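Going by the working numbering, the sequence shown opens with residue 1, and the numbers climb by one from there.
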Amino acid sequence: MIYTSCVPVNLGGCSDNYIFCRRRTRRMNWFEKGCVRAAPAFKRRTSQHDLMGDMLRQGHLSHRSASKLFEAPKSTVLEPLRTTEVSSTDALESFALQASHYRFRPSILLPFAACASASFGHILGAVSPTLSTSYAAGVKLAIGDYYNDQIREIYAELPEAPEAVPLKELFKTLRDASLADVERLFPSIEAAKQDAVAQYAKTITQVLLRPGSEV
Numbered sequence: 001m002i003y004t005s006c007v008p009v010n011l012g013g014c015s016d017n018y019i020f021c022r023r024r025t026r027r028m029n030w031f032e033k034g035c036v037r038a039a040p041a042f043k044r045r046t047s048q049h050d051l052m053g054d055m056l057r058q059g060h061l062s063h064r065s066a067s068k069l070f071e072a073p074k075s076t077v078l079e080p081l082r083t084t085e086v087s088s089t090d091a092l093e094s095f096a097l098q099a100s101h102y103r104f105r106p107s108i109l110l111p112f113a114a115c116a117s118a119s120f121g122h123i124l125g126a127v128s129p130t131l132s133t134s135y136a137a138g139v140k141l142a143i144g145d146y147y148n149d150q151i152r153e154i155y156a157e158l159p160e161a162p163e164a165v166p167l168k169e170l171f172k173t174l175r176d177a178s179l180a181d182v183e184r185l186f187p188s189i190e191a192a193k194q195d196a197v198a199q200y201a202k203t204i205t206q207v208l209l210r211p212g213s214e215v
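Encoded structure:
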């Protein structure tokens with residue numbers, strides 16, 4: 001192995017030091033033999049990866065916030081909905097660990113959204129069961145619509161990206177889980193869409209969670 005040794009030398013009568021370098025050869029240690037030193041390869045994230053990260057970030061914020069909302073009332077009707085949100089959060093976080101292009105930064109709104117959801121959940125527990133059920137259905141409709149929008153965006157913006165295929169399937173699974181919860185609360189999804197309280201809750205949820213993809 002060749003390395004360079006440099007030392008400062010002061011030539012008599014000169015105020016400046018001069019640097020002299022010489023090359024030396026050192027034998028490799030026994031444990032270095034056969035080793036190849038290579039710089040690690042880093043893959044730069046593309047705009048497509050950033051788009052997928054934004055999608056996952058808002059979905060993550062939605063599930064975490066909804067789980068806090070349904071946890072506070074301590075209702076036997078809403079408890080299964082909370083279980084779905086916890087499972088969806090776990091599925092999303094596990095998916096993000098599969099590859100670097102699925103990783104995302106959690107939204108900075110998460111602590112605030114969780115606190116606000118828990119506080120409103122206590123209010124939800126104080127109103128009539130009919131009202132709380134309708135509101136819960138609206139939240140679930142908002143999450144289902146969000147994933148429908150993301151699936152359409154994947155078809156439009158990432159049609160050739162192989163990484164988008166597993167992401168699309170994940171979103172379909174999470175969407176179906178949310179809509180299945182709506183059908184637990186209402187005779188059908190269409191019936192929930194006709195409910196005024198559910199529509200109000202859906203709109204409010206969409207407005208509050210929309211910035212989550214950016215921050």
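Glycine included, every Cβ here is placed at the ideal spot set by N, Cα and C. As the structure is a computational prediction, the values presented were derived from the model and not from experiment.
| said: If you follow the alpha helix (DSSP H) that R184 is in, where does it begin and where does it stop? | reply: A164 to L185
| query | In the structure shown, what three-state DSSP assignment does A72 receive? | reply | coil
| task | Taking V214 as part of the alpha helix (DSSP H), name the residues at either end of that continuous run. | result | In the sequence on display, residue 214 carries Glu and not Val. Note, E214: premise wrong, no alpha helix (DSSP H); not H, not E.
| query | Around the C-beta of H221, are 16 or more other C-beta atoms found within 10 angstroms, so that it is buried, or is it exposed? | reply | There is simply no residue 221 to check, as the chain begins at 1 and stops at 215 in what is shown.
| query | If you draw a straight line from the C-alpha of L92 to the C-alpha of R103, how long is it? | reply | L92 and R103: Cα-Cα distance of roughly 10 Å.
| task | Could you check which residue in E190, F186 and M55 has the C-alpha nearest to that of S107? | result | M55
| query | Do S67 and E79 have their CB atoms nearer than 7 Å? | reply | no
| Taking the alpha-carbon positions, what's the A114 to L124 distance? | The straight-line gap from Cα to Cα measures roughly 15 Å.
| Does the separation of the CB atoms of G138 and L179 fall below 7 Å? | no
| query | Secondary structure at A41, three-state DSSP: helix, strand or coil? | reply | Model confidence at A41 stands at a pLDDT of 49, short of 50, so the residue's coordinates are unreliable; what they give is reported in the following sentence. A41: coil per DSSP, three-state reduction.
| Short check: CB of S117 to CB of S62, under 7 Å? | no
| How many angstroms separate the CA atom of P129 from the CA atom of Y200? | 17 Å
| task | Name the residue from P187, F171, V182 and Q98 whose alpha carbon lies nearest to the alpha carbon of D149. | result | F171
| Expressed to the nearest angstrom, what Euclidean distance is found between the alpha-carbon atoms of R105 and P187? | Rounded to whole angstroms, R105 to P187 spans 38 Å at the Cα level.
| Where do the ends of the alpha helix (DSSP H) carrying A228 lie? | This structure gives no information on residue 228, because the portion of the chain shown stretches from 1 to 215.
| query | Below 7 Å between beta carbons: does that hold for H101 and H49? | reply | yes
| Supposed close pair A142, Q98 - CB separation, criterion 8 Å | Contact flag wrong, Cβ pair sits at about 27 Å.
| Just the Cα atoms here: how many angstroms apart are S75 and E160? | 45 Å
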